[in-house]
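Trainee: Here you go, one structure.
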Amino acid sequence: MRAQPSRWRPAPSRARSPARPDRRRGGGSMQDERPKGLLNGVSQAARTLLGLILLAMVLLNVVNAVSRYALSYVVIGIDELLVFAMIWMVMIGMLLVTADRSHIALEIVTGRVGPRTRSGLALLHHVVIAISCAYAAWQSVKFVMRVIAIQQTSMALELPMAIPHAAITVGLGGTALISAVLAVRDVRGVVSPRLAEQPA
Numbered sequence: 001m002r003a004q005p006s007r008w009r010p011a012p013s014r015a016r017s018p019a020r021p022d023r024r025r026g027g028g029s030m031q032d033e034r035p036k037g038l039l040n041g042v043s044q045a046a047r048t049l050l051g052l053i054l055l056a057m058v059l060l061n062v063v064n065a066v067s068r069y070a071l072s073y074v075v076i077g078i079d080e081l082l083v084f085a086m087i088w089m090v091m092i093g094m095l096l097v098t099a100d101r102s103h104i105a106l107e108i109v110t111g112r113v114g115p116r117t118r119s120g121l122a123l124l125h126h127v128v129i130a131i132s133c134a135y136a137a138w139q140s141v142k143f144v145m146r147v148i149a150i151q152q153t154s155m156a157l158e159l160p161m162a163i164p165h166a167a168i169t170v171g172l173g174g175t176a177l178i179s180a181v182l183a184v185r186d187v188r189g190v191v192s193p194r195l196a197e198q199p200a
């Protein structure tokens, strides 16, 4: 019997699946993903509200300019509405900025330290904000109660002055609450460096 020549067959290639970025290490595009939930819904609603307030302010400003300079007619109360809307817009924006950790800050120190030290500095930062804003919010509550008691109104539209003053209470109180929540997360980052590397 003649031995049959063996035929060489290439081994099947084993294609490796691309490495998936680790969520715990914050690599790849997973770092930019935010968990979806109630907080994201509230944040999106607040951003939508800010956009609507800004559009309303622009329209009121256009109406005020056209009526004053083109029609020689002054619409009473538009200036008051613009001022009140601006106050509320700033206070709502402060809540979003605090939640996103986007306050103006110098990164000279935080950019040169490790995750645990960075979390410690953020913890100190948020504790100071929470305490100071909580105290200011409480003082604002007492002032708003006095305004309600004397029934103070605006000069043009005779709107209750508690409306613009309440914006300060909402902004400071909400900032204190959000800072307290962020401080708890910073404590976790100080305890565990791996948690400190995760995006907030």
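199 is the number that full-length UniProt numbering gives to position 199 of the sequence shown; each next residue is one higher, with no gaps.
Beta carbons are placed, not taken as given, at the ideal position from N, Cα and C, and that holds for glycine.
Keep in mind the model is a prediction, meaning the values are calculated, not measured.
(1) Out of curiosity, what's the CA-to-CA distance linking residue 201 and serine 72?
(2) Can you round the beta-carbon distance between alanine 130 and alanine 180 to whole angstroms, since I take them to be within the 8 Å contact cut?
(3) What are the residues that DSSP puts in a beta bridge with proline 160?
(4) To the nearest angstrom, how far is it from the Cα of leucine 50 to the Cα of isoleucine 92?
(5) Taking only the alpha-carbon atoms, compute the straight-line gap between leucine 52 and valine 128 and give it to the nearest angstrom.
(6) By alpha-carbon positions, which one of Met145, Leu172, Val191 ends up nearest to glycine 120?
(7) Are there 16 or more other CB atoms within 10 angstroms of the CB of serine 140, so buried, or fewer, so exposed?
(8) Look at the Cβ atom of methionine 57, then the Cβ atom of leucine 96, and state whether they are nearer than 7 Å.
(9) Pick from Leu55, Gly77, Val63: whose alpha carbon is nearest that of leucine 159?
(10) On the three-state DSSP scale, how would you describe tyrosine 73?
(11) Output yes or no for whether 7 Å exceeds the beta carbon distance between threonine 175 and methionine 94.
Mentor: Let me lay it out:
(1) Look at the range of the chain in this structure, 1 to 200, and you will see that residue 201 is not part of it.
(2) Within the sequence shown, the letter at position 130 stands for residue 130. Within the sequence shown, the letter at position 180 stands for residue 180. For alanine 130 against alanine 180, the beta-carbon gap comes to about 5 Å, under 8 Å, which counts as contact.
(3) In the sequence shown, the residue the question calls residue 160 occupies position 160. Partner(s): Thr153.
(4) As a working mapping, residue 50 is identified with position 50 in the sequence shown. As a working mapping, residue 92 is identified with position 92 in the sequence shown. If you take the alpha carbons of leucine 50 and isoleucine 92, they lie about 7 Å apart.
(5) Counting from 1 along the sequence shown, the entry for residue 52 is found at position 52. Counting from 1 along the sequence shown, the entry for residue 128 is found at position 128. Between leucine 52 and valine 128, the C-alpha separation is close to 32 Å.
(6) Here residue 120 refers to the residue found at position 120 when the sequence shown is read from its first residue. Nearest option by C-alpha distance: Val191.
(7) Locating residue 140 in the sequence shown gives position 140, where the first residue counts as 1. By the 10 Å Cβ count, serine 140 comes out buried.
(8) Along the sequence shown, one-based indexing puts residue 57 at 57. Along the sequence shown, one-based indexing puts residue 96 at 96. Result no, Cβ atoms of methionine 57 and leucine 96 do not sit closer than 7 Å.
(9) As a working mapping, residue 159 is identified with position 159 in the sequence shown. Check the Cα spacing between leucine 159 and each of Leu55, Gly77, Val63: the tightest is with Gly77.
(10) Along the sequence shown, one-based indexing puts residue 73 at 73. Coil at tyrosine 73, not helix or strand.
(11) Residue numbering aside, residue 175 sits at position 175 when the sequence shown is read from its first letter. Residue numbering aside, residue 94 sits at position 94 when the sequence shown is read from its first letter. Yes, these two residues count as a Cβ contact at 7 Å.
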